[in-house]
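Numbering (my numbering), first residue to last: 2 to 194. Note that CB positions come from ideal geometry on N, CA and C, so glycine has one too.
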């Protein structure tokens, strides 16, 4: 298994710190977010398709994160969960898995600001029902850990849509973001209007 890495640099446009650097980690939804972030600030990204927090998937993110040097990052963005549809009875267990990932990041860089980008609304209604439980678990994990939980519904709506105000935001597969959709998410996260 090869973890794809994105090394990106860009202009620093947000008013945090001149040394601000972003790390975006996660599944394939992390890729367009990292690509969009590189337009506004130095960004590194690590993503692997078809991964998540469930054991049957191909990468243990908690173990992987513990092997990273996170000391250079002022912000860590997590995008995991779209591949992890769960039932209502699994919410508590999934929440704990997410808390463990957050604690790992906090342990490696206690000063980094951490944001978890929730999975967006999915086109497939069966998958959407299972991912809605993931969103609930992640929200609980973020609240318990004191980190920011960002819901893409803020900019894309809570119902699946291919476009917002005429701007294509979702790929034809009903899962992934277009570059324009990722830009909407990143612009909201960094306060660019």
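If you look at residue 23, you'll find it in the beta strand (DSSP E) that goes 23–27. Of the residues 24, 102, 45, the one whose Cα lies closest to the Cα of residue 55 is 102.
Check the Cα spacing between residue 141 and each of 69, 95, 45: the tightest is with 95. The stretch 113–121 makes contact with the stretch 69–82, as at least three CB pairs between them are under 8 Å.
By the 16-neighbour rule on beta-carbons within 10 angstroms, residue 149 is exposed.
Look at residue 45 here: in three-state DSSP terms it is strand.
DSSP lists 118 as the bridge partner or partners of residue 151. Beta-carbon to beta-carbon, residue 105 and residue 67 are separated by about 5 Å, close enough to satisfy the 8 Å threshold. Under the three-state reduction of DSSP output, residue 170 falls in the coil class, being neither helix nor strand. In terms of Cβ geometry, residue 35 and residue 46 form a close pair [threshold 9 Å].
At a Cβ-Cβ threshold of 9 Å, residue 75 and residue 138 do not count as neighbours. The residue among 168, 60, 39 with its C-alpha nearest the C-alpha of residue 48 is 60.
Annotated three-state conformation of residue 78 is strand, per DSSP. In terms of CA proximity to residue 97, 63 leads the group 109, 63, 130, 129.
The shortest CA-to-CA distance from residue 28 to any of 43, 167, 181, 50 is the one to 50.
With fewer than 16 other Cβ atoms inside 10 Å of its own Cβ, residue 180 counts as exposed.
Nearest to residue 69 by C-alpha distance, out of 160, 158, 25, 162, is 25. No Cβ-Cβ contact shorter than 9 Å links residue 100 with residue 131. Scanning its chain for C-beta atoms nearer than 6 Å, with the 5 sequence neighbours on each side dropped, one finds around residue 184 the residues 37, in chain order. For residue 90, the closest of 157, 135, 42 by C-alpha to C-alpha distance is 135.
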